[in-house]
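2 protein chains.
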Amino acid sequence: MTLPIDDAGLLATLDDLDPAQLGGLGDMSPGQFRAAAHATVDVLADYLEHVEDFAILPPIEPGTLRDQLPSEPPDGPEPIGAILGDVARLVEPNATHWQHPGFLAYFATTASGPGILGEFVTAVLGQNPMLWRTSPVGTELEEVVVGWLRRALGLPDVFDGLLTDTASTSSLIAIAAAREAAGLDAAALGLAGRPEIGAPVVYASEEAHSSIEKACMTLGLGRSACRRIPTDDVYAMRTDALEAALAADRAAGRLPIAVVATIGTTSSTAVDPVPAIADVAEREGLWLHVDAAYGGAAALLPARRALFVSWERADSIVVNPHKWFFTPLDASLLLSRRMPSLRAAFSLVPEYLRTLDREQPVHDFNEYQPQLGRRMRALKLWFLVRYFGLEGLRRRIDAHCRMAADLAAQVDADPDFERLAPVPFSTVCLRWRPAELVGREDDPEVRARLDAANERLMAAVNASGEIFLSHTRLQDRFAIRVAIGNLRTEPRHVAHAWALLRSEAARLTR
Amino acid sequence: MTLPIDDAGLLATLDDLDPAQLGGLGDMSPGQFRAAAHATVDVLADYLEHVEDFAILPPIEPGTLRDQLPSEPPDGPEPIGAILGDVARLVEPNATHWQHPGFLAYFATTASGPGILGEFVTAVLGQNPMLWRTSPVGTELEEVVVGWLRRALGLPDVFDGLLTDTASTSSLIAIAAAREAAGLDAAALGLAGRPEIGAPVVYASEEAHSSIEKACMTLGLGRSACRRIPTDDVYAMRTDALEAALAADRAAGRLPIAVVATIGTTSSTAVDPVPAIADVAEREGLWLHVDAAYGGAAALLPARRALFVSWERADSIVVNPHKWFFTPLDASLLLSRRMPSLRAAFSLVPEYLRTLDREQPVHDFNEYQPQLGRRMRALKLWFLVRYFGLEGLRRRIDAHCRMAADLAAQVDADPDFERLAPVPFSTVCLRWRPAELVGREDDPEVRARLDAANERLMAAVNASGEIFLSHTRLQDRFAIRVAIGNLRTEPRHVAHAWALLRSEAARLTR
Numbered sequence: 005m006t007l008p009i010d011d012a013g014l015l016a017t018l019d020d021l022d023p024a025q026l027g028g029l030g031d032m033s034p035g036q037f038r039a040a041a042h043a044t045v046d047v048l049a050d051y052l053e054h055v056e057d058f059a060i061l062p063p064i065e066p067g068t069l070r071d072q073l074p075s076e077p078p079d080g081p082e083p084i085g086a087i088l089g090d091v092a093r094l095v096e097p098n099a100t101h102w103q104h105p106g107f108l109a110y111f112a113t114t115a116s117g118p119g120i121l122g123e124f125v126t127a128v129l130g131q132n133p134m135l136w137r138t139s140p141v142g143t144e145l146e147e148v149v150v151g152w153l154r155r156a157l158g159l160p161d162v163f164d165g166l167l168t169d170t171a172s173t174s175s176l177i178a179i180a181a182a183r184e185a186a187g188l189d190a191a192a193l194g195l196a197g198r199p200e201i202g203a204p205v206v207y208a209s210e211e212a213h214s215s216i217e218k219a220c221m222t223l224g225l226g227r228s229a230c231r232r233i234p235t236d237d238v239y240a241m242r243t244d245a246l247e248a249a250l251a252a253d254r255a256a257g258r259l260p261i262a263v264v265a266t267i268g269t270t271s272s273t274a275v276d277p278v279p280a281i282a283d284v285a286e287r288e289g290l291w292l293h294v295d296a297a298y299g300g301a302a303a304l305l306p307a308r309r310a311l312f313v314s315w316e317r318a319d320s321i322v323v324n325p326h327k328w329f330f331t332p333l334d335a336s337l338l339l340s341r342r343m344p345s346l347r348a349a350f351s352l353v354p355e356y357l358r359t360l361d362r363e364q365p366v367h368d369f370n371e372y373q374p375q376l377g378r379r380m381r382a383l384k385l386w387f388l389v390r391y392f393g394l395e396g397l398r399r400r401i402d403a404h405c406r407m408a409a410d411l412a413a414q415v416d417a418d419p420d421f422e423r424l425a426p427v428p429f430s431t432v433c434l435r436w437r438p439a440e441l442v443g444r445e446d447d448p449e450v451r452a453r454l455d456a457a458n459e460r461l462m463a464a465v466n467a468s469g470e471i472f473l474s475h476t477r478l479q480d481r482f483a484i485r486v487a488i489g490n491l492r493t494e495p496r497h498v499a500h501a502w503a504l505l506r507s508e509a510a511r512l513t514r
Numbered sequence: 005m006t007l008p009i010d011d012a013g014l015l016a017t018l019d020d021l022d023p024a025q026l027g028g029l030g031d032m033s034p035g036q037f038r039a040a041a042h043a044t045v046d047v048l049a050d051y052l053e054h055v056e057d058f059a060i061l062p063p064i065e066p067g068t069l070r071d072q073l074p075s076e077p078p079d080g081p082e083p084i085g086a087i088l089g090d091v092a093r094l095v096e097p098n099a100t101h102w103q104h105p106g107f108l109a110y111f112a113t114t115a116s117g118p119g120i121l122g123e124f125v126t127a128v129l130g131q132n133p134m135l136w137r138t139s140p141v142g143t144e145l146e147e148v149v150v151g152w153l154r155r156a157l158g159l160p161d162v163f164d165g166l167l168t169d170t171a172s173t174s175s176l177i178a179i180a181a182a183r184e185a186a187g188l189d190a191a192a193l194g195l196a197g198r199p200e201i202g203a204p205v206v207y208a209s210e211e212a213h214s215s216i217e218k219a220c221m222t223l224g225l226g227r228s229a230c231r232r233i234p235t236d237d238v239y240a241m242r243t244d245a246l247e248a249a250l251a252a253d254r255a256a257g258r259l260p261i262a263v264v265a266t267i268g269t270t271s272s273t274a275v276d277p278v279p280a281i282a283d284v285a286e287r288e289g290l291w292l293h294v295d296a297a298y299g300g301a302a303a304l305l306p307a308r309r310a311l312f313v314s315w316e317r318a319d320s321i322v323v324n325p326h327k328w329f330f331t332p333l334d335a336s337l338l339l340s341r342r343m344p345s346l347r348a349a350f351s352l353v354p355e356y357l358r359t360l361d362r363e364q365p366v367h368d369f370n371e372y373q374p375q376l377g378r379r380m381r382a383l384k385l386w387f388l389v390r391y392f393g394l395e396g397l398r399r400r401i402d403a404h405c406r407m408a409a410d411l412a413a414q415v416d417a418d419p420d421f422e423r424l425a426p427v428p429f430s431t432v433c434l435r436w437r438p439a440e441l442v443g444r445e446d447d448p449e450v451r452a453r454l455d456a457a458n459e460r461l462m463a464a465v466n467a468s469g470e471i472f473l474s475h476t477r478l479q480d481r482f483a484i485r486v487a488i489g490n491l492r493t494e495p496r497h498v499a500h501a502w503a504l505l506r507s508e509a510a511r512l513t514r
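Listed in order, the protein sequences are those of chains H and D. Take the first sequence: its letter number 288 is residue 292 in the working numbering, and every next letter is one higher. Take the second sequence: its letter number 34 is residue 38 in the working numbering, and every next letter is one higher.
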């Protein structure tokens, strides 16, 4: 994609404006900003208009962009027109196009129009809602938006919360809170050199997201503290295995502190049996954290609420607006009914942050997270919930579920393909498995052949540039994931993915 | 500030566009986005043009904004024009105006024009450079920009690094790496229930930032593991006290793992004696982390390099572009000469993130940080370094240092004011102390009176709405900080702050 003529003209005009800043101080003037920002809008609107013209995965090798850029930083100023020109010339062709409607890999992150505009306003206002005082609007919009999302998800008002960057951070906060709730006083005393405490253990299924294990690494619990519980034939945690692991750990003198139940795992979007896990957590005095980072958005749909039965019994819940809620990176919602435990894990108020002139207690959100400084993440959510309306969001999430169900039906009807997991949300796990190989998978050679063939198949589809899929392993089989959740994806894109999978499989077979 | 007429007209036009999305699916169309984004530009350029018309701290009580918003999320869609109208009506009047040139509190965070445009492009592209594959441009621009900043700071190429959200996260990563470098294998095994290891200790001065203590809390070391070393009369770490603390901890069987030296503390911008601390770290086998989150930007100035002597001996260094480098929140630069230790602390590669088709080793930045997902933070830095040029950035940072030196000279010349700390950078710590009270501070009543008077003085200045200052305590005295670093601050703003301090002090005296 090259820059349209009229933009090029506008960019040239910007060059004329620039000398004003040569040798000067301060920022670009508001007038220069206005002109440069209007030019940026056109570059970006062009990008969104033509995003389907790009290969989703750029056909480049590592170093392609780096080698085109000087390793020395520039000493003198460059006109903004030249920099914007390089967005089209260097940046766009080297991007993985997450906004392309054929992006069906991982879980989608859509930068929706209203979400983008919210980010733009956020960048200009430069709020830091670490304290109420440093951003009343950032703090109170966060309170309001957290309340909106909580209600939209159907959760009771014992839940309060905050917005963090990612589910990794949200789950880390939850497990740190569990550490405090278990009475370890770890924030004050740490975990080392304390023979009086047992080694803490956190339970999560084999299919739980890597961020749980990473949180254990970060928090000084260690990967070894993350007990991975086996799953059943639909990749859901086996409660009997959870109970057995708990008993073994207690017998060994270890200290179970938390269990993580996932509603919508990353590999196959499996749903752990939350009611049974909540029973165990209650009986054993464990913090129950529900990871619904991807799946949570479906709680907006009354028809899907059954997937969320008992999640209101959790101590904490994470749902990521930057996944299936069309919010630009980054935004993760952490809800908890035990906010004082979060505060116990992270509150620290040095003198230079003490506010002097307020009698009323206010939310100083930095006290609930590992970082002090924080971006205002509420505004973009406020923009998009209002722009689409809850009903509009429901309709869009529902459409994704229906596209996935349609694809699942087509996979099921094809004798040479196999669906590898239930489809409770909007992600289909499948593989090519020609009919003649049914029943022959006890043979390790057949299994290896199928894995290799599916790896090649996915690579061939991705090489088209029109569709981008990613993979996982399910019951030690290579599984191709078709993850629908991009706001711009239409049924025709899913149909095209399926057509490509079939035609490439046929081609590989020849 | 109300919306100018022409914007209101444009916003009304947007309302007409909106019905297209009622009942529809997908995002706003690229055409709608173009129109809405142009309207947003005008709202935001108006804001920047008129930012000085706002009281920096909004004269509101907690709940003011919250009480104006519905607690129920809207079901139906709202036109984008109405939402943008609310930016001027509800958002701006409830913001703390970090972009106001009279904002001299904490440390400034400037959203510079080119930085804002970089954020805007970032929001649209929606890159997630967790893996090279998920964003070649995000990954390679980060490599390039990290290299640019490293060179600009005068650091050798044994340093590599990454961009994180905040100094809190950067320092947490550094201390987690120190944990691994000390051979604790904490990422794998955790810290609990291991009688064979001593309790780890991290050293930092009494004036070090709270984020160091918070990192110890998060990492399972505990606040108790953060040994606060006394400072000298200019608030710099006393190396003799560091050595004494180390000896005492070793004698008690504890395990010193890291020392944090600060170049530009948060309270008074003091500079710890890095050469002596580096000697101790080397001799004792400690990880040396240098916190130059604020001060680091001054390393661009050859004339200030003496403040940074020996920092190249550090194992890791943090400098925050979102402080004195005019980058919109959030952006923190973490440099290290021991990247494998960072990777040992945080690397975890589940199957669904394994990349299949690359032979060359690439930077998958998620392996160096607690979070998996990450925003593309390099683009805004690429924009602003190119727009201003290094020479332009130097000129601006130098101007701030000179404004601070001028103010310091005026404070020194006023018999009723007292400067409380050296001014190596761009922050002046001062208090009102009438000449007749000199030498009478052994009297606790006099001390209390001075504290109370300065607290009132700062509140009076802040109540003007034209200047915003924050405070700290230095040698147990209430100290007012005048922290220059906002790109839009001109000498006239600093002069106005000083005039207000003097006139309000005179008024309080009457």
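Think of the CB as a built atom: it goes at the ideal place given N, C-alpha and C, for glycine as much as any other residue. Here the structure is a predicted model, which is why all the values come from computation and not from measurement.
- Distances from the alpha-carbon of PRO118(H) to those of VAL91(D), GLU316(D), ALA112(D), PHE387(D) put VAL91(D) closest.
- MET32(D) has a beta carbon lying within less than 8 Å of a beta carbon in chain H.
- Pairing LEU121(H) with PHE387(H) gives a Cβ-Cβ distance under 8 Å.
- For ASP295(D), the enclosing beta strand (DSSP E) has its first and last residue at 291 to 295.
- Spanning the alpha carbons of LEU259(D) and SER336(H) requires a straight line of approximately 36 Å.
- Residue environment analysis places ARG496(H) among the exposed positions, since fewer than 16 neighbouring C-beta atoms fall within 10 angstroms of its C-beta.
- Taking C-alpha positions only, VAL353(H) is separated from ALA212(D) by approximately 13 Å.
- For the pair LEU225(D) and ILE321(D), the Cα-to-Cα distance works out to about 21 Å.
- TRP436(D): member of the beta strand (DSSP E) spanning 431 to 436, first to last residue.
- Looking at the DSSP output, PHE482(D) shares a beta bridge with ARG477(D).
- If you keep only unbroken beta strand (DSSP E) runs of at least 3 residues inside the stretch 212 to 236 of chain H, you get 230 to 233.
- Within chain D, PRO62, LEU69, LEU94, VAL95, GLU96, PRO97, ASN98, ALA99, THR100 have C-beta atoms less than 9 Å from the C-beta of VAL141(H), given in sequence order.
- Taking a beta-carbon distance threshold of 8 Å, ILE120(D) counts as an interface residue toward chain H.
- In the three-state scheme derived from DSSP, where H, G and I count as helix and E and B as strand, ARG378(H) is classed as coil.
- For ALA180(H), a Cβ of chain D is located within less than 8 Å of the residue's own Cβ.
- CA-to-CA, the gap between HIS475(D) and TYR239(D) works out to about 16 Å.
- Nearest to SER214(H) by C-alpha distance, out of LEU504(D), LEU424(D), GLY35(D), ASN370(D), is ASN370(D).
- 8 Å or more divides the Cβ of ARG406(D) from the Cβ of GLU422(D).
- In the displayed model, VAL284(D) falls within a helix according to three-state DSSP.
- For PHE421(H), the enclosing beta strand (DSSP E) begins and ends at 421 to 423.
- A Cβ-Cβ distance of about 6 Å is found for the pair ILE179(D) and LEU223(D), placing them in contact under the 8 Å criterion.
- ILE401(D) sits in a helix when the DSSP states are folded into three classes.
- If the five residues before and after GLY300(H) are omitted, its C-beta is found closer than 6 Å to the C-beta atoms of VAL323, all from its own chain and listed in chain order.
- Per DSSP, PRO204(D) is one residue of the beta strand (DSSP E) stretching across 204 to 209.
- Look at the stretch 486 to 502 of chain D: the residues with a C-beta under 8 Å from a C-beta of chain H are LEU491, ARG492, GLU494.
- Under the three-state reduction of DSSP output, SER345(D) falls in the helix class.
- Proximity of GLY289(D) to chain H, defined by a Cβ-Cβ separation below 8 Å, is not satisfied.
- With contacts defined by Cβ atoms closer than 8 Å, ARG242(D) and THR235(D) form a contacting pair.
- What PRO204(D) touches in chain H, judged by beta-carbon distance under 7 Å, is ALA196, going in chain order.
- Here PRO81(D) is buried: its Cβ has 16 or more other Cβ atoms, across all protein chains shown, within 10 Å.
- Among the CB atoms of chain H, none fall inside 8 Å of the CB of ASP480(D).
- Contact note: GLN103(D) reaches chain H through VAL128, LEU129, GLY130, using a C-beta cutoff of 8 Å and chain order.
- Under the DSSP assignment, ASP244(H) falls in the alpha helix (DSSP H) whose first and last residues are 243 to 255.
- Excluding residues up to 5 positions away in sequence, MET241, THR243, LEU246, VAL263, ALA265, LEU292 lie with their Cβ nearer than 8 Å to the Cβ of ILE281(D) in the same chain.
- Between the stretch 423 to 433 of chain D and the stretch 396 to 413 of chain D, the count of C-beta pairs closer than 8 Å reaches three or more; the two stretches touch.
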